Amino acid sequence: MIDKRMPQPENLLSSERFKAFTDAVVAIALTLLILPLMESVGDYADKFTTGEWLGEESAKIASFLISFAVIAVFWMGHHRMFAHVAHVDGSLMWLTFAWMLTIVMLPVATAISTAFTADIMQLLVYMGVMTASSVLLFITRIYLLRHPHLRTSDVGFTRRGIAEGAAVPIIFALAMALSIVFPVLSYWTLTLLWLSRYAARLTVRIFAPGTRR
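Residues in the sequence shown are numbered from 48 upward in steps of one, following our numbering.
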């Protein structure tokens with residue numbers, strides 16, 4: 048007997064086309080990150096030498112590199128997750144659109160972080176967008192666990208992915224909290240991301256012991 052509560056194949060989308068669309072959105076967001084620096088080159092071409100420009104725009108360059116790396120990490124996580132997704136339903140689509148919203152917001156948050164006088168709101172916007180992005184990826188993994196007809200991976204593999212994915216939003220939330228409590232640390236708290244691999248191993252041991260990669 049057909050379960051009417053489960054979406055039928057004709058109501059599901061192929062994941063391949065949706066993955067291609069998502070990849071394009073991420074690529075555009077990565078490209079947008081460089082635009083403030085491109086404009087800066089034009090504005091200061093007649094005023095500074097290359098060395099002076101690098102010194103003057105060091106904060107923008109650092110923000111660009113950090114944001115580029117963060118988006119790359121998010122994309123890799125999304126890519127690994129969707130490698131085991133066969134179909135996309137409406138809820139999964141909107142979860143992914145929400146995640147893409149955070150990705151396209153990151154170039155704006157990056158520009159804000161260097162365009163205005165430093166204040167706590169910059170940190171909240173910049174790190175808040177990153178935290179939201181990681182949380183949405185985590186929620187998407189949980190959704191896939193509860194909807195096995197959308198994925199090709201087994202329960203153990205999916206649970207391990209959830210346990211690994213839990214580490215990143217925890218680290219982002221911790222980094223944001225430390226920046227608020229200790230403003231002098233500012234964006235340096237993002238270096239905690241280098242611990243994400245070790246944190247992921249820990250969360251797997253706690254929440255998904257014995258599961259395979």
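Backbone N, C-alpha and C define an ideal beta-carbon position, used for all residues, glycine too.
None of these values were measured; they are calculated from a predicted model.
Notebook entry, point to check: Cβ atoms of Val73 and Ile118: under 8 Å apart, would you say?
Noted result: yes
Next item on the list: Pull up the distance between the alpha-carbon of Ile108 and that of Met85, whole angstroms please.
Entry: A direct Cα-to-Cα measurement between Ile108 and Met85 gives close to 11 Å.
Checklist line | Ranges of the alpha helix (DSSP H) found wholly within the segment 163-217, counting only runs of at least 4 | finding: 167-193
Checklist line | Rounded Cβ spacing between Phe65 and Val135 (contact assumed at less than 8 Å) | finding: Their Cβ separation, rounded to whole angstroms, is 5 Å, which keeps Phe65 and Val135 in contact under 8 Å.
Item checked: Leu148 - partner residues in DSSP beta bridges -> Bridge partners of Leu148: none, in fact.
Notebook entry, point to check: Using DSSP with H/G/I as helix, E/B as strand and the rest coil, what is His134?
Noted result: If DSSP states are grouped into helix, strand and coil, His134 belongs with the strands.
Check: Do you know how far the Cα of Thr96 is from the Cα of Leu240?
Finding: Taking the straight line joining both Cα atoms gives about 34 Å.
Note to self: On the DSSP bridge list, what partners appear for Leu60?
What the structure shows: Val135
Margin query: Taking the alpha carbon of Leu249 as the reference point, which residue from Ala156, Phe111, Val215, Thr69 has its own alpha carbon closest?
Written below: Val215
Next item on the list: Check each candidate in Phe229, Val231, Glu211, Val228 and name the one with the smallest Cα separation from Leu242.
Entry: When Phe229, Val231, Glu211, Val228 are compared, the shortest CA-CA separation from Leu242 is found for Glu211.
Checklist line | Neighbour-count burial assignment, His125, 16 or more Cβ in a 10 Å radius | finding: Around the beta-carbon of His125, 16 or more other beta-carbon atoms lie within 10 Å, marking it buried.
Notebook entry, point to check: If you drop the 5 nearest sequence neighbours on each side, which residues of the same chain put their C-beta closer than 8 Å to that of Ala222?
Noted result: Excluding positions up to five away in sequence, the list reads Met174, Thr236, Leu237, Leu239, Leu240.
Next item on the list: Measuring alpha carbon to alpha carbon, tell me which of Leu77, Asp90, Phe129 ends up nearest Glu63.
Entry: Phe129
Next item on the list: Please say whether Thr161 and Ser110 have beta carbons closer to each other than 8 Å?
Entry: yes
Note to self: Does Ala247 pass the burial test, meaning 16 or more other C-beta atoms within 10 Å, or should it be called exposed?
What the structure shows: buried
Notebook entry, point to check: In terms of alpha-carbon separation, which member of Val132, Thr143, Val182 lies closest to Phe219?
Noted result: Val182
Check: Given a threshold of 16 other Cβ atoms within 10 Å of its Cβ, counted over all protein chains shown, does Phe144 qualify as buried or as exposed?
Finding: A residue is called buried once 16 or more other Cβ atoms fall within 10 Å of its Cβ, and Phe144, having fewer, is exposed.
Margin query: Tell me the DSSP secondary structure of Ile253 in three-state form.
Written below: helix
Notebook entry, point to check: Roughly how many angstroms separate the alpha carbons of Ser138 and Phe68, rounded to a whole number?
Noted result: 17 Å
Check: Could you check where the alpha helix (DSSP H) with Phe111 kicks off and where it finishes?
Finding: 105-129
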